[in-house]
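Residue numbers (the working numbering): 1 to 622. Notes follow once the structure below has been shown.
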Amino acid sequence: MTLPLSSRLSTLAVSNEIDDQAGGPNTVFKFNLGPHFTTYPLDFYTHRVLRIRKAVLALLQRAPDTAIIIKTVNTGYKVVWSYTGNERKKHPSPSFLSQHFARLSNSPNSTSPPQLRSEESVVSSFFSEFGISSDAYSRLQQAVYWDGPDRSITNVSMSTSPAHTTFIIENLKESYQIGDKLFVTVHAKNFENKSKSYGGDFFQAKLFWSKTKASVFGEVVDLLNGSYSVRFLLPWDGEAQVAVRLIHSSEAVQVLKRHRDTDSDRVFFNGYYEGPGPNKTRLSETVTCNVKWDKNGLERMGTGDCCCEYNDPRTGETWRCQRPKTLPCSALVYHSMGGYRNRLTNKEKMFMTQTNKGINGDKSIIKIFHSNGNETTDVTEKCRPGLHTPVPAGFYLKDVWTSFVCSTRHFTTLTTTKCLKNKHIYMMGDSTMRQWFEFFAKTVPTLKQMNLHVQYQSGPLIAVDVENNIDLHWRAHGVPLRTRKTAVADLHYISNEINDQAGGSHTVFIFNLGPHFTTYPLDFYTHRVLRIRKAVLALLQRAPDTTVIIKTVNTGYKDIFGSDWYSLQLNRVLHWAFQDVGVYILDVWQMTACHYSKENIHPGPVIIKNEIDILLSFICPD
Numbered sequence: 001m002t003l004p005l006s007s008r009l010s011t012l013a014v015s016n017e018i019d020d021q022a023g024g025p026n027t028v029f030k031f032n033l034g035p036h037f038t039t040y041p042l043d044f045y046t047h048r049v050l051r052i053r054k055a056v057l058a059l060l061q062r063a064p065d066t067a068i069i070i071k072t073v074n075t076g077y078k079v080v081w082s083y084t085g086n087e088r089k090k091h092p093s094p095s096f097l098s099q100h101f102a103r104l105s106n107s108p109n110s111t112s113p114p115q116l117r118s119e120e121s122v123v124s125s126f127f128s129e130f131g132i133s134s135d136a137y138s139r140l141q142q143a144v145y146w147d148g149p150d151r152s153i154t155n156v157s158m159s160t161s162p163a164h165t166t167f168i169i170e171n172l173k174e175s176y177q178i179g180d181k182l183f184v185t186v187h188a189k190n191f192e193n194k195s196k197s198y199g200g201d202f203f204q205a206k207l208f209w210s211k212t213k214a215s216v217f218g219e220v221v222d223l224l225n226g227s228y229s230v231r232f233l234l235p236w237d238g239e240a241q242v243a244v245r246l247i248h249s250s251e252a253v254q255v256l257k258r259h260r261d262t263d264s265d266r267v268f269f270n271g272y273y274e275g276p277g278p279n280k281t282r283l284s285e286t287v288t289c290n291v292k293w294d295k296n297g298l299e300r301m302g303t304g305d306c307c308c309e310y311n312d313p314r315t316g317e318t319w320r321c322q323r324p325k326t327l328p329c330s331a332l333v334y335h336s337m338g339g340y341r342n343r344l345t346n347k348e349k350m351f352m353t354q355t356n357k358g359i360n361g362d363k364s365i366i367k368i369f370h371s372n373g374n375e376t377t378d379v380t381e382k383c384r385p386g387l388h389t390p391v392p393a394g395f396y397l398k399d400v401w402t403s404f405v406c407s408t409r410h411f412t413t414l415t416t417t418k419c420l421k422n423k424h425i426y427m428m429g430d431s432t433m434r435q436w437f438e439f440f441a442k443t444v445p446t447l448k449q450m451n452l453h454v455q456y457q458s459g460p461l462i463a464v465d466v467e468n469n470i471d472l473h474w475r476a477h478g479v480p481l482r483t484r485k486t487a488v489a490d491l492h493y494i495s496n497e498i499n500d501q502a503g504g505s506h507t508v509f510i511f512n513l514g515p516h517f518t519t520y521p522l523d524f525y526t527h528r529v530l531r532i533r534k535a536v537l538a539l540l541q542r543a544p545d546t547t548v549i550i551k552t553v554n555t556g557y558k559d560i561f562g563s564d565w566y567s568l569q570l571n572r573v574l575h576w577a578f579q580d581v582g583v584y585i586l587d588v589w590q591m592t593a594c595h596y597s598k599e600n601i602h603p604g605p606v607i608i609k610n611e612i613d614i615l616l617s618f619i620c621p622d
């Protein structure tokens, strides 16, 4: 059986590096190619050079003011060396050129480049492409299952009313001890004040006390009959109250589901084409682009010869843009967010208005005291890959998060620098991941950010600390990406970036994937995540001491384009995909859902600092 060479090796070619450069007046690309090719046939070397030439021509087409410098081969070796064991022997130099040209003249096919082996087509089945068993697939279906109405909803008054829905504390005591559980029941009612008999409402609950800036996330369980059970752990000494919010009614969730399944092009993107025009001018055209997916509304862009298609051979994913009128498909240079299409009906808009509303219930003050015995919520287990994320995953007290996942620490500027010393840190994802990069760049005084003359919103960004041998990188994940106008060459898929990492004990790879995928089918997102999983498994196989950290999606948006319900579903896919992989999962969902600050897709400084403390505890558990 013949196995193809790992695609990870092929991406290190000079031509691929050039293809990944946006170019521009501040970019100088220098390369040479020679001494390591002296023992290979000249046509092999020629084909390599011609591929580089093709990449250079494309770079100069999209960014004609880029400087390209080629260094030729200098003189040096006069002998051929061979190794046998630890011995090195010298041999007389053969006449390579005479042998090569003699072979060329006798070979009728030698002038035609060999056909490159095309990548195997991406198979839709999880079983064949990702090795996911039928049992594992069933667990995924269970993880993302969400109940809904068991009848036709003919009137908005039949939907869940936050004003009529209430909660009660079960078996309320005069006092509790740290580590005790508190149970709350939510009774959903509609706008006619009638109890509901089916589930599917999206509630969030927390226990909090404002004076001490304390809070903990509550686990909501849908009883599928119009009632919901909420479980709280009591983790601090002092007082607390219960708060429950209706994020979306079950009827609004059905609206979200429908638009995810039929209306995925409600977020669209722009593709910018540029090329040389007459009299040294530059031609430009802007068209609409999106994911190529043969359903869920994404097929509306057109069929047949409507579009330019850009297939990534390593992931099998295809991005497509409406075909420009004059410029060729190869002239795509920039990408940006295009806009939003709100296709909600008037009835659906009514369902979505009752969003993120507090509900009435028992406002009793819960009194919590230290345990008389040895009961404690302290976690002593050392942070290590593969740990389960419990509910709750931790709690706030005086704005400091204490984790229940593992024993975390709180880092100062000095200990942060010490932790990152001699580390190569690669961050990839969205702007919430960029917040971590910005935190480090601001906090570590010896870490200096470089200006790479790129679109800041999508990167790539880099900061270097020469004194402590730290290099910190961040770049946005590949399309789909809602961003300002940015070079297409700067947008890389996460799985490809992981495949290009050698890994090792000094390498930390951190990524997240979520908010830019909320409008797309869940199976599209799942395939993207499973490709990343496959790349992570390969990385950990070749370099098992590499640290891999995954940041989940945090709470933030509540609308049809980025609802928390969408994000929750994505988080469930992430947890499912990586539950058996030796990685760290930093679950920020609970940290943002229960904090007192107003929810924002970009959490405030207090939350970011606590996230960073957990991150550093993962990187430096000792």
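For glycine and all other residues, C-beta sits at the position ideal for the given N, C-alpha and C. Remember, it's a predicted structure, so these values are computed and weren't measured experimentally.
Contact check, residue i vs residue j, beta carbons under 8 Å
i: residue 526; j: residue 583; result: no
i: residue 593; j: residue 217; result: yes
i: residue 535; j: residue 495; result: yes
i: residue 449; j: residue 486; result: no
i: residue 521; j: residue 293; result: yes
i: residue 600; j: residue 562; result: no
i: residue 355; j: residue 248; result: yes
i: residue 347; j: residue 239; result: no
i: residue 533; j: residue 474; result: no
i: residue 285; j: residue 257; result: no
i: residue 271; j: residue 283; result: no
Opening and closing residue of the beta strand (DSSP E) in which residue i lies
i: residue 347; result: Per DSSP, residue 347 belongs to no beta strand (DSSP E); it is in the alpha helix (DSSP H), 346-353.
i: residue 507; result: 507-512
i: residue 585; result: 584-586
i: residue 522; result: Careful: residue 522 lies outside any beta strand (DSSP E), inside the alpha helix (DSSP H) at 522-542.
i: residue 185; result: 181-187
i: residue 229; result: 227-233
i: residue 214; result: 214-222
i: residue 633; result: Residue 633 lies beyond the range of the chain shown here (1 to 622); nothing can be said about it.
Alpha carbon of residue i to alpha carbon of residue j, nearest angstrom
i: residue 236; j: residue 319; result: 50 Å
i: residue 484; j: residue 340; result: 14 Å
i: residue 41; j: residue 439; result: 51 Å
i: residue 497; j: residue 381; result: 32 Å
i: residue 108; j: residue 34; result: With a pLDDT of 38 at residue 108, under the threshold of 50, the modelled position of that residue is not reliable, and the figure given next carries that caveat. Their backbone Cα atoms lie some 27 Å apart in a straight line.
i: residue 551; j: residue 409; result: 18 Å
i: residue 186; j: residue 196; result: 11 Å
i: residue 543; j: residue 616; result: 20 Å
i: residue 315; j: residue 253; result: 31 Å
i: residue 470; j: residue 352; result: 47 Å
i: residue 458; j: residue 75; result: 43 Å
i: residue 512; j: residue 192; result: 43 Å
i: residue 441; j: residue 578; result: 29 Å
i: residue 588; j: residue 570; result: 13 Å
i: residue 122; j: residue 531; result: In this predicted model, residue 122 has a pLDDT of only 31, less than 50, meaning its place in the structure is not dependable enough to derive any value.
i: residue 50; j: residue 13; result: 12 Å
i: residue 242; j: residue 362; result: 8 Å
i: residue 306; j: residue 312; result: 19 Å
i: residue 211; j: residue 364; result: 16 Å
i: residue 336; j: residue 491; result: 11 Å
i: residue 233; j: residue 564; result: 23 Å
i: residue 414; j: residue 447; result: 12 Å
i: residue 137; j: residue 297; result: 25 Å
Opposing strand residues paired with residue i [DSSP bridges]
i: residue 595; result: None, per the DSSP bridge assignment.
i: residue 282; result: 276
i: residue 302; result: In the DSSP output, where bridge partners are listed per residue, residue 302 has none listed.
i: residue 245; result: 204, 358
i: residue 238; result: 368
i: residue 456; result: Per DSSP, none; premise fails for residue 456.
i: residue 67; result: 28
i: residue 132; result: Residue 132 is not bridged to any residue.
i: residue 168; result: 185
Range covered by the alpha helix (DSSP H) that runs through residue i
i: residue 618; result: 605-619
i: residue 19; result: 14-19
i: residue 571; result: 564-578
i: residue 28; result: Taken as a continuous stretch (DSSP letters only), residue 28 belongs to no alpha helix (DSSP H), being part of the beta strand (DSSP E) at 28-32.
i: residue 42; result: 42-62
i: residue 255; result: 250-262
> Mind pulling the alpha helix (DSSP H) runs of 4 or more residues that sit fully within the segment 309-388?
Replying inline: 346-353, all fully within the segment 309-388.
> What runs of the beta strand (DSSP E), each 3 residues or longer, lie entirely inside the segment 460-516?
Replying inline: Complete beta strand (DSSP E) runs here, min 3: 461-465, 470-476, 507-512.
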